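According to the numbering used here, numbering within the sequence shown proceeds without interruption in unit steps and concludes at 351. Some notes on the structure that comes next.
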Amino acid sequence: MPQRHFSLDDHCLYSVYFAPRGAVRMTVMGMQIAQRHLSAFDRLIGVVGDAGSGKSILMRGMFPGLELSNDDNGVNVRPLPILDLDGGGFYQPHTYHIDMRFEMAFTQVHVLADAVKEAIHRGRRVVVEHFELLYPHLDMNAELLIGVGEDIIVTRPTLFGPEPQDIADIAFKSIKYRRMAHTAEDLVERYLWDPYHGEYTHSDVHHGFVLEFDQCPDVDLDLLEAWVLDHIAQNLPVCYVDDEHIRFGEKLHHCTGPRMHVTSTGQIENFRVLKEFRFDPIRAKFLLVGLVGEPTGNLRDLNQIRL
45 MPQRHFSLDD HCLYSVYFAP RGAVRMTVMG MQIAQRHLSA FDRLIGVVGD
95 AGSGKSILMR GMFPGLELSN DDNGVNVRPL PILDLDGGGF YQPHTYHIDM
145 RFEMAFTQVH VLADAVKEAI HRGRRVVVEH FELLYPHLDM NAELLIGVGE
195 DIIVTRPTLF GPEPQDIADI AFKSIKYRRM AHTAEDLVER YLWDPYHGEY
245 THSDVHHGFV LEFDQCPDVD LDLLEAWVLD HIAQNLPVCY VDDEHIRFGE
295 KLHHCTGPRM HVTSTGQIEN FRVLKEFRFD PIRAKFLLVG LVGEPTGNLR
345 DLNQIRL
């Protein structure tokens with residue numbers, strides 16, 4: 045008789061997390077998702093979201109040591125490991141990774157689908173990025189489905205859904221706010237760099253960002269907002285430099301999430317900062333809050349669930 049493997053997520057429809065900016069925070073989030081949601085018996089994990097949203101970094105956190113098929117250092121390794129399940133002899137991987145958007149340039153989708161089904165049949169685990177592209181060619185949904193946009197949505201689909209495209213639609217629609225917020229956050233960091241660099245930590249809010257200080261900074265928030273709005277009006281190009289830097293126009297800026305930006309500052313919509321530092325009495329932190337996108341009428345509604 046087949047054994048039933050129970051999960052703490054058996055009765056969980058969705059779990060929603062902020063999608064953090066920066067490689068370290070995203071890696072830690074991947075570790076937390078693995079601890080809370082991943083079962084040792086899961087064989088098919090689907091991930092959906094736009095390029096640059098942090099899916100691969102999230103996977104590194106969830107599966108330390110996993111060889112990513114879209115890794116810049118390994119893209120010339122052929123054949124794709126999952127297409128050669130017997131090629132490793134005794135030393136075969138337990139977990140395989142596929143980036144569908146990348147692999148579709150080399151291999152037909154039905155071949156990839158057959159390889160995934162064969163790997164699962166052999167008791168292997170397969171992690172599929174851009175799972176919505178593979179799903180129509182499979183006869184199964186993912187056991188664990190993760191969408192990465194402004195939020196990270198974690199769900200265990202059943203025969204009644206959700207469909208991968210449903211999660212992808214949410215992720216693709218919301219990612220623009222994360223890009224705008226991160227770019228605005230880096231502009232604020234540039235303004236604060238000399239007097240306060242290293243004296244705050246980063247946190248999150250819907251359609252925005254939070255900088256947390258131990259002591260209330262001596263910063264005129266009206267001047268800060270005006271300075272950022274001026275740089276938005278200049279429509280400066282925002283360019284990736286390397287894994288730790290971007291460039292605003294000609295100015296180099298340190299950033300741990302250099303792919304998560306709009307391409308020019310003029311694409312940041314409706315930037316504003318709350319005109320006072322908010323105090324968190326439990327953690328004794330002073331919060332600088334920056335927002336983008338549509339205004340909200342009630343500060344306490346910023347983090348309402350938006351699925």
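Quick reminder that beta carbons are idealized off the backbone N, C-alpha and C, glycines included. These numbers were taken from a predicted model, which means no experiment stands behind them.
Whose C-alpha, out of the options, is nearest the C-alpha of residue i?
i           : options               : result
residue 234 : 147, 83, 101 and 291  : 291
residue 229 : 254, 209, 206 and 217 : 254
residue 273 : 78, 316 and 83        : 316
residue 182 : 247, 189, 161 and 209 : 161
residue 188 : 236, 129 and 56       : 56
residue 108 : 126, 185, 97 and 138  : 138
Assign residue i to one of three DSSP states: helix, strand, or coil.
i           : result
residue 46  : With a pLDDT of 43 at residue 46, under the threshold of 50, the modelled position of that residue is not reliable, and no figure is offered here.
residue 120 : Confidence at residue 120 is low in this model, with a pLDDT of 47, below 50, so the placement of that residue should be treated as unreliable; the coordinate-derived value is given next. Residue 120 falls in the coil class under three-state DSSP.
residue 257 : strand
residue 83  : coil
residue 273 : helix
residue 310 : helix
residue 295 : strand
residue 227 : helix
residue 336 : coil
residue 89  : strand
residue 245 : strand
residue 64  : coil
residue 316 : strand
Based on DSSP bridge pairs, tell me the residues matched to residue i.
i           : result
residue 424 : For the chain, the structure presents residues 45 to 351; residue 424 sits outside this window and is missing.
residue 198 : 59 and 190
residue 329 : 324
residue 287 : According to DSSP, residue 287 bridges with nothing at all.
residue 139 : 169
With 8 angstroms set as the bound, which would you pick, yes or no: does the beta-carbon of residue i sit closer than that to a beta-carbon of chain B?
i           : result
residue 270 : In the displayed structure, chain B is absent; only one protein chain is listed.
What residue range is occupied by the uninterrupted alpha helix (DSSP H) comprising residue i?
i           : result
residue 94  : Segment: none, residue 94 is in no alpha helix (DSSP H) and carries neither H nor E.
residue 176 : 175 to 178
residue 165 : 153 to 165
| request: Assess, as a yes-or-no matter, whether the stretch 313 to 331 is touched by the stretch 235 to 243 under the definition of 3 or more beta carbon pairs within less than 8 angstroms. | output: no
| Do the stretch 175 to 195 and the stretch 86 to 102 touch if we need at least three Cβ pairs shorter than 8 angstroms? | yes
- prompt: Is the stretch 210 to 224 in contact with the stretch 301 to 311, if contact means three or more CB pairs nearer than 8 angstroms?
  reply: yes
Three Cβ pairs or more, each shorter than 8 angstroms: is that satisfied between the stretch 102 to 110 and the stretch 56 to 74? yes
Check: Three or more beta-carbon pairs under 8 angstroms between the stretch 330 to 339 and the stretch 248 to 267, yes or no?
Finding: yes
Per the contact definition of three or more C-beta pairs closer than 8 angstroms, is the stretch 275 to 284 in contact with the stretch 185 to 203?
no
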